[in-house]
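In what follows, a single structure is set out as structure tokens and then discussed.
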Amino acid sequence: MATNKPVKVESTPLTPFERSFGFPMLDRLSREFDTLFDRFGFEKPFFERTPAAMWTPTMEMVTKPNELLVKVDVPGMKKEEITLEVAEDHLVIRGERKHEAEEKKEGYVRTERTYGTFYRAVPLPEGVNPELAKATMHDGVLEITMPMVKVEEKKKKIEIAGPVTEPAGTKAA
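Okay, structure coming up:
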């Protein structure tokens, strides 16, 4: 039976300027190198400074009695900058947050806003009907709903073929 519990999502959101290779050991090694660059006063590696670096919006996925609700945080984005599709039982969300054309370094104390492309492919739970999906966007939150049907467990008793055997310890007369 469906509940209002979040569905386990396989990806982990990234903090601003953090990249993930999908392997915890590589992620840790990457952070260690970043720390070394910072300690010795060197600039970050080129791939860290590129404005097209990937970022990952945070999201939650909740099953309700009759629908799946997915909320994705995409502050500052327009619906035209995001595409949604279902491919091979995955909800695919991709988009690009573009950096403003004016780029002044003066006056910046710190910037943690992320820009660039993102891509999420999230597995859909069994029973979701993506054909009837609806999406809305309000106040920087993209909401996708898909109806869910109760998946009936199919059971069928299978008879075992072969001669009938007597229980152990009994003899036929």
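Residue numbers (the numbering used here): 90 to 262. Glycine residues also receive a C-beta, built at the ideal position from the N, C-alpha and C atoms. Note that the structure is predicted; figures quoted are calculated from it, not measured.
Item: Local conformation of M166 per DSSP, three classes; Value: coil
Item: Exposure of A250, with buried meaning 16 or more beta-carbon neighbours within 10 Å; Value: exposed
Item: Same chain only: Cβ atoms within 8 Å of N218, ignoring 5 sequence neighbours per side; Value: M235, P236, M237, V238
Item: Inter-residue spacing [alpha-carbon to alpha-carbon] between E156 and A210; Value: 19 Å
Item: Cα-Cα separation, L180 to S119; Value: 29 Å
Item: Beta-carbon proximity list for P164, same chain, < 7 Å, skipping 5 on both sides; Value: G229
Item: Other residues of its chain near E215: CB distance less than 6 Å, five sequence neighbours each side excluded; Value: V240
Item: Own chain partners of L158 with C-beta closer than 6 Å, once the 5 adjacent residues on each side are dropped; Value: V151, T234
Item: Range of the contiguous beta strand (DSSP E) that encloses L221; Value: That residue, L221, is in no beta strand (DSSP E); it is neither H nor E in DSSP.
Item: V253 classed as buried or exposed, judged by whether at least 16 other C-beta atoms fall within 10 angstroms; Value: exposed
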